[in-house]
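Residue numbers (the numbering used here): 121 to 224.
What follows is a set of notes on a single structure, which appears directly below.
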Amino acid sequence: MSMIYIAGAVLFVCIAHLIRIFRWELFIEVYERPNRKKLMQSIACGYLLNYFLPCKLGEIPRAWWAGRSMKNGMALGFSTVIIERYLDIVFVGILFTLMVLGGG
């Protein structure tokens with residue numbers, strides 16, 4: 121029974137990983153055609169480093185790794201990661217407010 125839970129957890133993590141790649145790709149597509157493989161590698165690298173580094177410092181190597189392969193350079197990589205993190209905070213704030221107002 122516990123293997124089913126582990127398999128389900130791995131499946132959900134993989135789906136979340138893909139959704140994050142597609143969302144990040146939307147930010148980059150405005151300026152250039154992103155390399156999905158590089159985005160996947162950089163997100164995986166960032167996730168790995170976030171397990172070991174405090175304060176989500178794995179996002180810095182993630183932006184650097186992705187920015188190396190972009191035509192617009194690392195500035196686009198860093199700016200898209202900053203915007204993504206900002207939108208994450210706004211969305212969590214909206215959900216929190218709705219839960220507080222809804223009595224949940």
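Glycine is no exception: its CB is placed at the ideal position from the N, C-alpha and C atoms.
Assigned secondary structure, residue i (DSSP; H/G/I helix, E/B strand, else coil)
i, result
"V130", "helix"
"V150", "coil"
"N170", "helix"
"G223", "coil"
"C165", "helix"
"K191", "coil"
"K176", "coil"
Proximity winner among the options, relative to residue i (alpha-carbon distances)
i, options, result
"S162", "A186, L131, T217, D208", "A186"
"V201", "R143, L131, M123, L138", "R143"
"I148", "V133, L131, G193", "G193"
"C165", "G128, E145, M219, I180", "I180"
"S199", "V150, A136, S122", "V150"
Alpha-carbon to alpha-carbon, residue j and residue i
i, j, result
"N155", "I203", "19 Å"
"R182", "K158", "10 Å"
"M190", "G197", "8 Å"
"L169", "T217", "31 Å"
"M160", "I141", "6 Å"
"I139", "Y167", "14 Å"
"G128", "E152", "35 Å"
"E145", "Y125", "30 Å"
"L215", "F132", "20 Å"
"V220", "G213", "10 Å"
"R188", "F172", "23 Å"
At a cut of 8 Å, does the stretch 165-179 reach the stretch 207-217 through at least three beta carbon pairs? The stretch 165-179, when compared against the stretch 207-217, does not touch it at the 8 Å Cβ threshold.
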